[in-house]
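Worksheet: the structure to be examined is printed underneath.
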Amino acid sequence: MLAKTRLTFWLGGLVAAAAIAACAGARPAGGGALTRAEERKLGERVVAQVRREFRVLDDPYLDGYLRDVGTRVARAMGADTFDLRFHVVADPRINAFAVPGGHVFVTSQTILSSADEAELAGVIAHEIGHVEGRHIAHRMEKAAKVNLGAMAAVLAGAFLGNPKAGAAIATFGVAGAQAKMLQYSREDEEDADRRAARALVAAGYDPWGLVRFMETIRRSSPTPEGVPAYLFTHPLPENRSVYLADLIPPGTELPPPDPDRLWRAQARVLVEDPRPWGEDLFRQRTREAPGRPASWLGLALLLRERGLYEEALDALGKAEAQAPGDPEILHERAATWLRQGRTEEAVSLLERLRTEGRATAPALRDLGWAYLEAERGEDALAVYDELARLDPGWAELPYYRGMALGKAGKLGEGHALLGDYYREKGRPDLAARHYRQALEHLPPGQRRAEVEKALRALRNRRPRRE
Numbered sequence: 006m007l008a009k010t011r012l013t014f015w016l017g018g019l020v021a022a023a024a025i026a027a028c029a030g031a032r033p034a035g036g037g038a039l040t041r042a043e044e045r046k047l048g049e050r051v052v053a054q055v056r057r058e059f060r061v062l063d064d065p066y067l068d069g070y071l072r073d074v075g076t077r078v079a080r081a082m083g084a085d086t087f088d089l090r091f092h093v094v095a096d097p098r099i100n101a102f103a104v105p106g107g108h109v110f111v112t113s114q115t116i117l118s119s120a121d122e123a124e125l126a127g128v129i130a131h132e133i134g135h136v137e138g139r140h141i142a143h144r145m146e147k148a149a150k151v152n153l154g155a156m157a158a159v160l161a162g163a164f165l166g167n168p169k170a171g172a173a174i175a176t177f178g179v180a181g182a183q184a185k186m187l188q189y190s191r192e193d194e195e196d197a198d199r200r201a202a203r204a205l206v207a208a209g210y211d212p213w214g215l216v217r218f219m220e221t222i223r224r225s226s227p228t229p230e231g232v233p234a235y236l237f238t239h240p241l242p243e244n245r246s247v248y249l250a251d252l253i254p255p256g257t258e259l260p261p262p263d264p265d266r267l268w269r270a271q272a273r274v275l276v277e278d279p280r281p282w283g284e285d286l287f288r289q290r291t292r293e294a295p296g297r298p299a300s301w302l303g304l305a306l307l308l309r310e311r312g313l314y315e316e317a318l319d320a321l322g323k324a325e326a327q328a329p330g331d332p333e334i335l336h337e338r339a340a341t342w343l344r345q346g347r348t349e350e351a352v353s354l355l356e357r358l359r360t361e362g363r364a365t366a367p368a369l370r371d372l373g374w375a376y377l378e379a380e381r382g383e384d385a386l387a388v389y390d391e392l393a394r395l396d397p398g399w400a401e402l403p404y405y406r407g408m409a410l411g412k413a414g415k416l417g418e419g420h421a422l423l424g425d426y427y428r429e430k431g432r433p434d435l436a437a438r439h440y441r442q443a444l445e446h447l448p449p450g451q452r453r454a455e456v457e458k459a460l461r462a463l464r465n466r467r468p469r470r471e
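Numbering (this note's numbering), first residue to last: 6 to 471.
Encoded structure:
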């Protein structure tokens, strides 16, 4: 279950974004429909709040997998896929939610609880159905007409650490009218289901995967109130199976999807958000499905996390035997060598993948790190410039690029970029230190002026009163 503080965010965060945007933009009561630009802005604010309140997993392979599945069903739904973004939140309970602007949040347990890709695709299709139906956006438009001042005050108290305000939102108390307004209705659920079922059939997925996963939710650990966390925001229509059956063409019996991609994703979730049974699961899979590369790759990743590098390399060798030349498996071999200190071997393999045009964004991240370890700053810079195009959402890119600039002898630029990085991270002490070091090396010019201005702003900051 989502703890009440977490439920406060999942419901309250949406209201907060609406309230903040409405107040900041001075939207009058009855201000009309939210524009797509406003929806994107709201979505970005919700994402920022999620990242402050939760741990969001950072694995490009995992993100890419969800994006592939999501894009497949979104295109079948006729949805715009350009703005779709997927975020995996570390949480031991099943939950998923979509917000305006195309952001879809899925908990780690949702991925781990999916028996096959059709089930996960069903959850994702359902959430995209909510986005396409603009269910939350329509409720935000209504919320903009109802006591925004009181709603904003309660939410501000909750997010500033007022436990009573947080509990009020979580239990639909003080802010009950506003919070409940952003809870999906059963009509919303049916609309999202219908959109999802049609899209799943068109995309070649078994639409019954959605129904099977809803049964998994029913069996999941309930909240203290006896309701699974997902159902706080997704009320379950009683006749779901009936109306879904009407949408599914008679005789539709699709074989289970190849589990390889889902198993790879589940292994990466278990590395980032471990479970005590994770390694046992993949050992079992190597016994039951030894011919599947994902069985061995998943085991290798989990062994490596325990520092069992030789055992991990042995498992990777078995994965390679089943999928020769697989760039993900080859990258993980190089990554394991890096952890062993076998930097030259790792660099050689990663450079080969890059030369052949088969280096993934995670492989390039490791190549950049390997170059930094080898004091090859200019080479690292070239890799990070490439990553800026391939992986622009990587939040740590400024840090590593700043390090590379320093190793390339560009100390002023490097310290300036690290100052920017730590300022964005809310670390003014480290930001100021790097800015001061940057000024020791930067010549007169625009960049120096920017650093001086940023340093003055940090010095003029006053601590908030409690």
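In this text, a Cβ means the ideal position worked out from N, Cα and C, and glycines have one as well.
Buried or exposed, going by whether 16 or more other CB atoms sit within 10 Å of the CB of residue i?
| i | result |
| --- | --- |
| Glu-418 | buried |
| Tyr-248 | exposed |
| Glu-137 | buried |
| Glu-401 | exposed |
| Gln-442 | buried |
| Ala-326 | exposed |
| Thr-360 | exposed |
| Ala-393 | exposed |
| Ala-462 | exposed |
| Glu-124 | buried |
| Ala-300 | As written in the sequence, residue 300 is Ser, which differs from the Ala given in the question. Burial call: buried. |
| Leu-236 | Any reading at Leu-236 must be qualified, since the residue scores a pLDDT of 48, below 50, and its modelled position is unreliable; no value is offered. |
| Gly-35 | With a pLDDT of 48 at Gly-35, under the threshold of 50, the modelled position of that residue is not reliable, and the figure given next carries that caveat. The residue is exposed, with fewer than 16 neighbouring Cβ atoms inside 10 Å. |
| Ser-118 | buried |
| Ser-353 | exposed |
| Ala-454 | exposed |
| Asp-211 | buried |
| Arg-344 | exposed |
| Ser-190 | exposed |
| Gln-114 | buried |
| Phe-110 | buried |
| Gly-373 | buried |
| Glu-429 | exposed |
| Glu-293 | exposed |
| Arg-200 | buried |
| Gln-282 | What sits at residue 282 in the sequence shown is Trp, not Gln. Trp-282 is exposed by the Cβ-count criterion. |
| Thr-112 | buried |
| Pro-448 | exposed |
| Gly-30 | Low local confidence applies: a pLDDT of 41 at Gly-30 is under 50, so the model's placement there is unreliable, with the coordinate-based value given in what follows. Exposed, by the Cβ-count rule. |
Rounded to whole angstroms, how far is the Cβ of residue i from the Cβ of residue j, which I believe are closer than 8 Å?
| i | j | result |
| --- | --- | --- |
| Asp-64 | Glu-277 | 6 Å |
| Leu-318 | Ala-272 | Their Cβ separation, rounded to whole angstroms, is 16 Å, which puts Leu-318 and Ala-272 out of contact at 8 Å. |
| Ala-42 | Gly-134 | Between Gly-134 and Ala-42 the Cβ distance is about 22 Å, and since that is not below 8 Å, they are no contact. |
| Leu-205 | Val-78 | 6 Å |
| Ala-208 | Ala-81 | 4 Å |
| Ala-270 | Ile-116 | 6 Å |
| Leu-395 | Ala-375 | Actually they are not in contact, since the Cβ atoms of Leu-395 and Ala-375 sit about 17 Å apart, beyond 8 Å. |
Would the beta-carbon of residue i fall within 8 Å of that of residue j?
| i | j | result |
| --- | --- | --- |
| Asp-384 | His-336 | no |
| Gly-398 | Leu-422 | no |
| Ala-103 | Val-128 | no |
| Ala-366 | Leu-358 | no |
| Leu-369 | Glu-391 | yes |
| Ala-459 | Gly-424 | yes |
| Asp-68 | Pro-261 | no |
| Ala-324 | Pro-298 | yes |
| Pro-105 | Glu-44 | yes |
| Arg-311 | Gly-303 | no |
| Ile-99 | Ile-222 | yes |
What are the boundary residues of the beta strand (DSSP E) that residue i is part of?
| i | result |
| --- | --- |
| Arg-90 | 90 to 94 |
| Val-104 | 101 to 104 |
Assuming residue i is part of the alpha helix (DSSP H), what are its boundary residues?
| i | result |
| --- | --- |
| His-108 | Note, His-108: premise wrong, no alpha helix (DSSP H); beta strand (DSSP E) at 108 to 112. |
| Arg-72 | 65 to 82 |
| Phe-287 | 283 to 293 |
| Arg-203 | 191 to 208 |
| Trp-268 | 265 to 277 |
(message) Using 8 Å as the cut-off, can you tell me whether the region 339 to 353 makes contact with the region 373 to 388, which would need three or more C-beta pairs spanning the two stretches below that distance?
(response) yes
(message) Within 8 Å, do at least three Cβ pairs link the region 50 to 57 to the region 69 to 86?
(response) no
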